[in-house]
Amino acid sequence: MAVANSLTANKKPQFQAVIKSDLYQKNIISTLGDATKAKGFTASVISAVGTNPALSECTPATIISAALLGESLELSPSPQLGHYYMVPYADGKTGAKNAQFQMGYKGYIQLAIRSGQYKHINVVAIKQGELIKFNPLTEEIEVNLIEDELVREKTPTIGYYAMFELVNGFRKAIYWSKSKMEAHALRYSKGYAAKKGYTFWEKDFDGMAYKTMLRQLISKWGIMSIKMQTAMINDMTTISEDGKPTYVDSSDIDETAKVITVEPVEVKEVPKVEKEPIKEPETEEEPLSFEDAFFADSGL
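Quick note, the sequence shown lines up with residues 971 to 1270 if you use this note's numbering.
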């Protein structure tokens, strides 16, 4: 009996009890701006955690912080829409299991459109036999696209093209070969380089390639709204209770992790997410750009 009582005492409190505690409810209500919305949000997160054994083992604070961040960006967590995901992962350094916030490429497109600054924005895979030429100086591309969608879908991809045009007329386009994208993935994702079989790069290479192209394009030449900046800063991170993101290498993602679905709720106010101070490089090497620093830290 004593052993049983000891095991019960040492058992972690269930997520439902944690998220319903006064501390977390106060934070949720403050973020969503309404007690009724907070109640619905709480119920949806509890439901999602209850159907995902891997997520239920994660630190509650990281689950709630990731969910609140998604709501603050007014993006849907539905995997079918692909705006953003909450993915359980095991921290190889501490042994803790946390929920990681991951943006999808469709989420970046949504944020760009909603800013009202983009007249056109697109990202597409270029198939074998379609590319005639791409001029990196003028950024003009000449292609002969395969008209039959079924045939095109089965044709091997040789590269990726992304472009945008702002409402003020400014236009930018980039093209990456498949080999360049492959090298990028191998360089920044230890999990993909090790071919562990469960990274997003292995499960959906095109989706990750689209996301990479949009990040490269928008972060360097696009107009970035506050929400866009927040999304880029917090992408591929776990978020602490004080709002600070910690980048995670994709090799740490739990093999049994499943994407969770939380019903979206309307957010009255967008919480301010403070950026961490940028540390000056300790050596005399040329500082990394914002985009290169992201990839180096996150393993994307």
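Just so it is clear, CB atoms sit at the ideal spot from N, CA and C, and this is done for glycine as well.
Fair warning: this is a prediction, and the values are worked out from it, not measured in the lab.
key: CB-CB length for GLU1074 against TYR1059, believed under 8 Å   = On the sequence shown, residue 1074 is found 104 positions in, with the first residue counted as 1. On the sequence shown, residue 1059 is found 89 positions in, with the first residue counted as 1. The residue asked about is misnamed: residue 1074 is Gly in this sequence, not Glu. The Cβ separation is near 17 Å, so there is no contact.
task = Just confirm the distance between the C-beta atoms of LEU1081 and MET1198, as a whole number of angstroms; I'd bet it's less than 8 Å.
result = The residue you call residue 1081 lines up with position 111 of the sequence shown. The residue you call residue 1198 lines up with position 228 of the sequence shown. About 5 Å separates the two Cβ atoms, so the contact holds.
Nearest-angstrom Cβ-Cβ length linking LYS1150 and ILE1128, presumed shorter than 8 Å = Taking the sequence shown and counting its residues from 1, one reaches residue 1150 at position 180. Taking the sequence shown and counting its residues from 1, one reaches residue 1128 at position 158. Incorrect: roughly 11 Å between the Cβ atoms, too far for contact.
task = Consult DSSP for ASN997 and reduce its assignment to one of helix, strand or coil.
result = The residue given as residue 997 occupies position 27 in the sequence shown. If DSSP states are grouped into helix, strand and coil, ASN997 belongs with the helices.
message = Beta-carbon within less than 6 Å of GLU1112's beta-carbon, same chain only, minus the 5 sequence neighbours each way: which residues are those?
response = Within the sequence shown, numbered from 1, the residue matching residue 1112 stands at position 142. Correct list, in chain order: ILE1102, LYS1103.
key: Coil, strand or helix - GLU1119 by DSSP   = One-based indexing of the sequence shown puts residue 1119 at position 149. Here GLU1119 sits in helix by DSSP.
request  = Can you give me the Cβ contacts of TRP1191 inside the same chain, cut-off strictly under 6 Å, excluding the 5 residues immediately before and after it?
outcome  = Start at 1 with the first residue of the sequence shown, and residue 1191 comes out as number 221. Within the same chain, TRP1191 has close Cβ partners LYS1142.
ask   = TYR1158: which of PHE1140, ALA1179, ASN1138, GLY1139 sits nearest, CA to CA?
value = On the sequence shown, residue 1158 is found 188 positions in, with the first residue counted as 1. If we check each option's Cα against that of TYR1158, ALA1179 comes out closest.
ask   = TYR1217 to THR1006, Cα distance in whole Å?
value = Here residue 1217 refers to the residue found at position 247 of the sequence shown. Here residue 1006 refers to the residue found at position 36 of the sequence shown. Rounded to whole angstroms, TYR1217 to THR1006 spans 33 Å at the Cα level.
inquiry  = Between ASP1004, MET1202, GLY1177, CYS1028, which has its C-alpha nearest PRO1049's C-alpha?
reply    = Mapped onto the sequence shown, residue 1049 falls at position 79. Checking every option, the nearest Cα to that of PRO1049 belongs to GLY1177.
ask   = In the DSSP assignment, what residue or residues form a beta bridge with ASN1068?
value = Numbered from 1 along the sequence shown, position 98 holds the residue referred to as residue 1068. In the DSSP output, where bridge partners are listed per residue, ASN1068 has TYR1059.
query = Can you name the start and end residues of the alpha helix (DSSP H) that ASN1022 belongs to?
reply = Looking up residue 1022 in the sequence shown gives position 52. Segment: none, ASN1022 is in no alpha helix (DSSP H) and carries neither H nor E.
message = According to DSSP, is HIS1090 part of a helix, a strand, or is it coil?
response = As a working mapping, residue 1090 is identified with position 120 in the sequence shown. Here HIS1090 sits in strand by DSSP.
inquiry  = Can you tell me which residues form a DSSP beta bridge with ILE1034?
reply    = Here the question's residue 1034 lines up with position 64 in the sequence shown. By DSSP's assignment, ILE1034 forms no beta bridge with any residue.
request  = Compare the C-alpha of LYS1097 against each of LEU1107, ASN1068, GLU1123, PRO1215 and name the closest.
outcome  = Walking along the sequence shown from the start, residue 1097 turns up at place 127. The option with the nearest alpha carbon to LYS1097 is GLU1123.
query = CA-CA distance, MET1183 and TYR1078?
reply = Position 213 of the sequence shown, counted from the start, is the residue given in the question as residue 1183. Position 108 of the sequence shown, counted from the start, is the residue given in the question as residue 1078. C-alpha separation (whole angstroms): 11 Å.
query = Are the beta-carbon atoms belonging to GLY1040 and PHE1071 less than 9 Å from one another?
reply = In the sequence shown, the residue the question calls residue 1040 occupies position 70. In the sequence shown, the residue the question calls residue 1071 occupies position 101. Less than 9 Å separates the beta-carbon of GLY1040 from that of PHE1071.
request  = Compute the Euclidean distance between the alpha carbons of ARG1185 and LYS1076, then round it to the nearest angstrom.
outcome  = Start at 1 with the first residue of the sequence shown, and residue 1185 comes out as number 215. Start at 1 with the first residue of the sequence shown, and residue 1076 comes out as number 106. Approximately 12 Å, taken between the alpha carbons.
message = Considering only their Cβ atoms, is the gap separating THR1208 from ALA1095 smaller than 9 Å?
response = For the purposes of this step, residue 1095 is taken as the residue at position 125 of the sequence shown. For the purposes of this step, residue 1208 is taken as the residue at position 238 of the sequence shown. It is not a contact, given that the beta carbons lie outside the stated cut-off.
message = Looking only at its chain, what residues have a beta carbon closer than 7 Å to the beta carbon of ASN1114, apart from the 5 residues adjacent to it on each side?
response = Counting from 1 along the sequence shown, the entry for residue 1114 is found at position 144. Listed in chain order, the non-local C-beta contacts of ASN1114 below 7 Å within the same chain comprise GLU1100, ILE1102, local neighbours out to five positions each way being set aside.
query = Where DSSP assigns a beta bridge to THR1127, which residues make up the other side?
reply = As a position in the sequence shown, residue 1127 is number 157, starting the count at 1. LYS1097, per the DSSP bridge assignment.
inquiry  = So that I know if they touch, is there some Cβ in chain C lying closer than 9 Å to that of GLN1070?
reply    = Among the chains in the structure shown there is no chain C, since it carries only a single protein chain.
request  = Locate the alpha helix (DSSP H) running through GLU1152, then write down its first and last residues.
outcome  = Translated into the one-based positions of the sequence shown, residue 1152 becomes position 182. GLU1152 -> alpha helix (DSSP H) spans 1148-1158.
query = Counting along the chain, where does the beta strand (DSSP E) carrying VAL1137 start and finish?
reply = Here residue 1137 refers to the residue found at position 167 of the sequence shown. No beta strand (DSSP E) holds VAL1137; DSSP gives it neither H nor E.
inquiry  = If I follow the unbroken beta strand (DSSP E) through THR1200, where does it start and stop?
reply    = Counted from its first residue, the sequence shown places residue 1200 at position 230. Premise fails: THR1200 lies in the alpha helix (DSSP H), 1196-1204, not in any beta strand (DSSP E).
ask   = Under 9 Å, do GLU1172 and LYS1181 count as touching if we go by C-beta distance?
value = If you number the sequence shown from 1, residue 1172 lands on position 202. If you number the sequence shown from 1, residue 1181 lands on position 211. No, they are not a contact pair.
request  = Would you mind stating whether ILE1196 and PRO1215 have Cβ atoms separated by less than 9 Å?
outcome  = As a working mapping, residue 1196 is identified with position 226 in the sequence shown. As a working mapping, residue 1215 is identified with position 245 in the sequence shown. Contact flag unset, no.
Cut-off 7 Å between Cβ atoms - residues of its own chain near LEU1136, not counting five sequence neighbours on either side = For the purposes of this step, residue 1136 is taken as residue 166 along the sequence shown, with counting starting at 1. So the list reads GLN1087, TYR1088, LYS1089, ILE1193, once near-sequence residues are dropped.
task = Would you identify the three-state DSSP class for VAL1113, choosing helix, strand or coil?
result = As a working mapping, residue 1113 is identified with position 143 in the sequence shown. Strand.
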